[in-house]
Each structure stands twice: as structure tokens, then as C-alpha cells.
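What follows is a set of notes on a single structure, which appears directly below.
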Amino acid sequence: MKNILLIVTGASPQVLTETLFALYQQGKPIPEEIFVITTKSTKPMLTNGLFEQGHLAKLIADYKLPDIKLPDENIWLIEDDEGQPINDAKSEIEQTYMADFITRKVFELTNKNDISIHASIAGGRKTMAFYLGYAMSLLGREQDSLSHVFVNNEFEFVRDFYYPTPYDHIIDGKNGTQVNCINAKVTLAEIPFVRMRQSIDETLIASMQSASFSQTVASLNSAHKKDLTLEVNAKAKTLTFAGIEIKLTAKETAFYLWLNQYSQSEHKKLVVGRDFEESLRYSKEYLMLLQQNSSDLRIFRDTFGIEPEDFRDGLYNDLKVMEKTFVQQTRSRINNKINKVLPNELAKKVAIDSNNQSFETSYWLSAATSNIKINITA
30 MKNILLIVTG
40 ASPQVLTETL
50 FALYQQGKPI
60 PEEIFVITTK
70 STKPMLTNGL
80 FEQGHLAKLI
90 ADYKLPDIKL
100 PDENIWLIED
110 DEGQPINDAK
120 SEIEQTYMAD
130 FITRKVFELT
140 NKNDISIHAS
150 IAGGRKTMAF
160 YLGYAMSLLG
170 REQDSLSHVF
180 VNNEFEFVRD
190 FYYPTPYDHI
200 IDGKNGTQVN
210 CINAKVTLAE
220 IPFVRMRQSI
230 DETLIASMQS
240 ASFSQTVASL
250 NSAHKKDLTL
260 EVNAKAKTLT
270 FAGIEIKLTA
280 KETAFYLWLN
290 QYSQSEHKKL
300 VVGRDFEESL
310 RYSKEYLMLL
320 QQNSSDLRIF
330 RDTFGIEPED
340 FRDGLYNDLK
350 VMEKTFVQQT
360 RSRINNKINK
370 VLPNELAKKV
380 AIDSNNQSFE
390 TSYWLSAATS
400 NIKINITA
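Each number in my numbering corresponds to the 1-based position in the sequence shown with 29 added.
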């Protein structure tokens, strides 16, 4: 069985050589091949330290290690949803890309039965380490392992330290001091982790190749629950289902709440027929909900032709009817957001459903007909 090292790195590529040294020091299998997950901005630090300065080759030579492959194609740059490498992982959306990318790569490697993975969470941002550890817990097999690596304080965050040398090697340390690399102590801490793969349905495992991290979490959260609850927070403008939060705009939140009222009514739906655009009733109902948590001038003025103050005071002379296209487009935007973060079988439970018959279209919340409890927080 082929041994590989999977490691996340950030601004300190030294964790890679430290991990290799620690594996050698403890008599553990030396990986034949390395895979690195990093970002576009930190890859130059990795290649400079390991290849241009030659620290990886020096480690192999100093300790007579077998050849270890780390070609450029094994340095995986975290990508966005269009396949473009991200520069860093500081923003919320970049964190999402990172979670999806790491989970997908762990899925690919753990599907190869002829390899044993040693995954290191020593490098990169804390969230990178978390996502790698979590992915290993979801997908890791009996032959796989997880670790962290530590160095003694004297050598921690020292730029030129890559591993303890078997000979005297003086480098600049902290606070203007000098340190000898032969004196460094590196500790490999193996991390026990729960291997959940055997208890997860194989269909769900297979879906992880294309599912986002949030979709995977939602599927797992709902897998053993008979009773699911949809939380609608009007003030925060969020839907929360199966542990996953879906962010909406004020316009979308009010629309979802408005449709919920119709879905809970005697007819269980909103009917958009020939006379829909002849009544101000729908505009009034919708704006009544919207004004409770937003006074967005664009919606009041541009869509419904009225000032928020006039609507509040009951002056409806300028109020426009709700158009059918408003219903169609708002429903589509909400469903797109739901489908983006929830797996298909769960998205269907909370999406806005519709049915066309002759000259009318009916709309309703699937949650209202799926035995899902809906909690609304104003």
C-alpha cells in the first residue's frame, strides 16, 4: 500500500519538512508522495522554501530518506466555484470555497483503496485545519491517520528553521538571537478521530464528490431526524434548516413570509390568475410584512410606486399592483439560494413550489405541505 502525506499549509511551509522529520524520527512510514492544499498567495512561500532554497532535498539527503515525490501538480490551490484559484481565505465566501475544496480532495484520495493517507493539520489557517480534520473524520478509513506537529518554543515561527539538522547549523532566531538547528525538538502528535465512513450511507458518500460542504453537513444533520424544523428569522433575514443558514434579502424574506401566510390558509396556496394584477390587495399584504423589518426605498418606490411613509399612513393613491413577474422572479431567486446550500432532497422540502394550470399559477411553501414545523422569529 502506498503511503502519502496530505497537508494544508499557509505562510509557514516549514510544517511540511517538520512533519516528514517527525515521521522519520518516530519510525513511521515515510510517504512516497505528498499532496499540499494551499492558496495562490502562499504557494510562492512553499516553493521558495522547499525547492528554491532546497530544504526538502536537504532533509532527504541529511537523513537518507527514500525519494519523496512532490511535483507541481500535487500542490493544489484552493479554487472558487468557477475553478479559479483564490488568493487567500479571509472572506466568508472564500471560507466556503475552502471547505468545499478540501472535502472534495479528501473524497478523491480516500476513494483510492491502494493508498494510506497521513493527513497533517499543522499548517494553514485554523479553519483549514478544522475542515481537513472534519473531512478525514467523515471519509477517513482504517489505514488513514491524522496528526499535528510541534516544535520547541525556541524554534517556533523562526523563518529559517525547517527541521532539526544532524549537524551544527546556526540560523537567526527570535529577538536578535541565534539558534542551532541540531538542538531543535519536533513532536508529532497523532490525533485520534472518529471514522464515520462506515456509518454513513454510501449514497451520501458518493454525493460528496459534487456536493458542497454545507450540503454534506445538512444531509448528515437530517439523516436520522424524523421531525425537521424550519427557522425563519425575519429580523436577521435568514432561513435555517438542517443546521444550515440561508441568507435572504429583506425583499425575499418578506416574500417568503407572505407566501407562508397563503400556504397556511384554507386554500394552502397563492393563486396568480388573470385578475391578479387588477387588485391592490397583494401589494398591501406584502408591503405590510416588508415594512416590519425594512423600509428599502427601492422596493417601495421602484416596484410599488409609493413612499414608505405614505404606505404607513394608509395613503394608497400611488400604490401599484404586484406584477406576476415580481412573483416569478422573487420565487426564482429564493429557490436558487436554497438550492445552492442544501442538497436536493432537503431543498425540495423548503423551496417555493408551483403548479401551472390553464391561465393561472399556484405558489406555496413546500415546508407547509411536508410536515415540517415552521418557527418564525420576528
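For glycine and all other residues, C-beta sits at the position ideal for the given N, C-alpha and C. Small disclaimer: the values here were computed from a predicted structure and weren't measured.
Three-state class that DSSP yields for residue i in the structure shown
{"i": "Y392", "result": "strand"}
{"i": "H147", "result": "strand"}
{"i": "I84", "result": "The question names Ile, yet the displayed sequence has His at residue 84. Here H84 sits in helix by DSSP."}
{"i": "Q358", "result": "helix"}
{"i": "T332", "result": "helix"}
{"i": "N181", "result": "coil"}
{"i": "I367", "result": "helix"}
{"i": "S383", "result": "strand"}
{"i": "I211", "result": "helix"}
{"i": "L309", "result": "coil"}
{"i": "F222", "result": "coil"}
{"i": "T76", "result": "helix"}
{"i": "P58", "result": "coil"}
{"i": "K23", "result": "Shown here, the chain extends from 30 to 407; a query on residue 23 therefore has no answer."}
{"i": "N5", "result": "Outside the shown range of the chain, which is 30 to 407, sits residue 5, and nothing can be said about it."}
{"i": "N140", "result": "coil"}
{"i": "T194", "result": "coil"}
{"i": "N346", "result": "coil"}
{"i": "P114", "result": "strand"}
{"i": "T406", "result": "strand"}
{"i": "V27", "result": "The structure shown does not extend to residue 27, since the chain is modelled only from 30 to 407, so the question has no answer here."}
{"i": "F64", "result": "strand"}
{"i": "D201", "result": "strand"}
{"i": "E47", "result": "helix"}
{"i": "T216", "result": "strand"}
Buried/exposed call for residue i, threshold 16 Cβ in 10 Å
{"i": "R188", "result": "exposed"}
{"i": "P100", "result": "exposed"}
{"i": "N289", "result": "buried"}
{"i": "M30", "result": "exposed"}
{"i": "V223", "result": "exposed"}
{"i": "H84", "result": "buried"}
{"i": "S294", "result": "exposed"}
{"i": "P372", "result": "buried"}
{"i": "L259", "result": "buried"}
{"i": "E47", "result": "buried"}
{"i": "F80", "result": "exposed"}
{"i": "A90", "result": "exposed"}
{"i": "D382", "result": "buried"}
{"i": "D230", "result": "exposed"}
{"i": "N186", "result": "The question names Asn, yet the displayed sequence has Phe at residue 186. Exposed, because fewer than 16 other Cβ atoms sit within 10 Å of the Cβ of F186."}
{"i": "T354", "result": "exposed"}
{"i": "A218", "result": "exposed"}
Residue i versus residue j: straight-line alpha-carbon distance, rounded
{"i": "I220", "j": "H177", "result": "7 Å"}
{"i": "L319", "j": "T332", "result": "13 Å"}
{"i": "D256", "j": "A376", "result": "16 Å"}
{"i": "A265", "j": "G205", "result": "51 Å"}
{"i": "N103", "j": "P42", "result": "15 Å"}
{"i": "V350", "j": "A283", "result": "16 Å"}
{"i": "I66", "j": "V356", "result": "44 Å"}
{"i": "L161", "j": "P73", "result": "22 Å"}
{"i": "L348", "j": "G334", "result": "5 Å"}
{"i": "S70", "j": "M157", "result": "15 Å"}
{"i": "G202", "j": "L167", "result": "40 Å"}
{"i": "L52", "j": "M127", "result": "27 Å"}
{"i": "D325", "j": "E374", "result": "34 Å"}
{"i": "N262", "j": "S292", "result": "18 Å"}
{"i": "K57", "j": "I150", "result": "17 Å"}
{"i": "A164", "j": "I144", "result": "17 Å"}
{"i": "L277", "j": "D173", "result": "40 Å"}
{"i": "I328", "j": "E306", "result": "17 Å"}
Within 7 Å, strictly: CB atoms of residue i and residue j
{"i": "V37", "j": "G112", "result": "no"}
{"i": "S387", "j": "V300", "result": "no"}
{"i": "F242", "j": "D109", "result": "no"}
{"i": "N209", "j": "I199", "result": "yes"}
{"i": "I63", "j": "L88", "result": "no"}
{"i": "W393", "j": "K298", "result": "yes"}
{"i": "L175", "j": "A148", "result": "yes"}
{"i": "Q227", "j": "F136", "result": "no"}
{"i": "I273", "j": "I367", "result": "no"}
{"i": "K378", "j": "I401", "result": "yes"}
{"i": "L268", "j": "S248", "result": "no"}
{"i": "F179", "j": "T125", "result": "no"}
{"i": "L138", "j": "I146", "result": "yes"}
{"i": "N134", "j": "N181", "result": "With the sequence shown as reference, residue 134 is identified as Lys, and Asn is not the correct amino acid for it. No, the Cβ-Cβ distance between K134 and N181 is not below 7 Å."}
{"i": "T68", "j": "A118", "result": "yes"}
{"i": "F95", "j": "I122", "result": "As written in the sequence, residue 95 is Pro, which differs from the Phe given in the question. No, the pair does not count as a contact, with Cβ atoms beyond the cut-off."}
{"i": "F50", "j": "Y192", "result": "yes"}
{"i": "A271", "j": "S251", "result": "yes"}
{"i": "A380", "j": "S395", "result": "yes"}
The ligand GTP heavy atom lying under 6 Å from the CB of residue i
{"i": "L52", "result": "No copy of the ligand GTP appears in this structure; indeed no ligand is present at all."}
**Q.** Completely contained beta strand (DSSP E) runs for the region 228 to 305, where each covers 3 or more residues
**A.** 258 to 262, 267 to 270, 273 to 276 and 299 to 301
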